[in-house]
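**Q**
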Amino acid sequence: MTETETLMKAVLTADGDRRARALKVLETGTADALPEPLLTTNQVCERLQVSRATVWRWRLPCIRRGGVRRYRWPDVLAALEQVKAAQPKTA
152 MTETETLMKA VLTADGDRRA RALKVLETGT ADALPEPLLT TNQVCERLQV SRATVWRWRL
212 PCIRRGGVRR YRWPDVLAAL EQVKAAQPKT A
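Note that the sequence shown covers residues 152 to 242 in my numbering.
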C-alpha cells in the first residue's frame with residue numbers, strides 16, 4: 152500500500168481530528184503545517200511517566216476548555232526545560 156493510499160484509508164476510517172489531519176496532509180503533501188494535537192492530562196502523564204498529581208503540582212501550561220485541561224507538548228517540554236535550567240547544578 153502506498154503512502155497516499157494509507158492516508159486515504161485514514162481519511163475514510165478516522166474520526167474528527169485524525170480525519171482533518173489526514174486531509175491536510177493529502178492537500179498540502181506535508182505534515183509540517185499541521186498543529187500539534189492537544190494532549191489530555193493522562194496523555195501527558197504517560198509521556199512523562201508521572202502521576203496526575205505531579206502534573207498538576209508542576210503547574211504546566213495548559214488550555215482549559217469546558218473545565219478540561221489540554222496541553223501542547225512543545226509548551227510542556229519548554230516549561231520543563233525552564234525548571235531544569237533554574238535548578239542549581241550540583242557537582
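Built from N, CA and C at the ideal position, the CB exists for glycine as well.
#1: Provide the residue span of the beta strand (DSSP E) that contains Val219, from first to last.
#2: So for Arg216, helix, strand or coil by DSSP?
#3: So Thr191 and Arg203 are in contact, right, with Cβ under 8 Å, and what is the actual spacing, rounded?
#4: Answer yes or no: do Trp224 and Glu187 have a C-beta to C-beta separation smaller than 8 Å?
#5: When we look at the beta-carbon of Leu228 and count the other beta-carbons within 10 Å, is it buried (16 or more) or exposed?
#6: Report buried or exposed for Leu211, applying the criterion of at least 16 other Cβ atoms within 10 angstroms of its Cβ.
**A** Considering the structure as presented:
#1: Counting along the chain, the beta strand (DSSP E) containing Val219 begins and ends at Val219 to Arg223.
#2: Arg216 falls in the strand class under three-state DSSP.
#3: Between Thr191 and Arg203 a beta carbon distance of about 10 Å is seen, past the 8 Å cut, so the two are scored as non-contacting.
#4: It is a contact, given that the beta carbons lie within the stated cut-off.
#5: When all chains shown are included, Leu228 counts as exposed.
#6: Buried.
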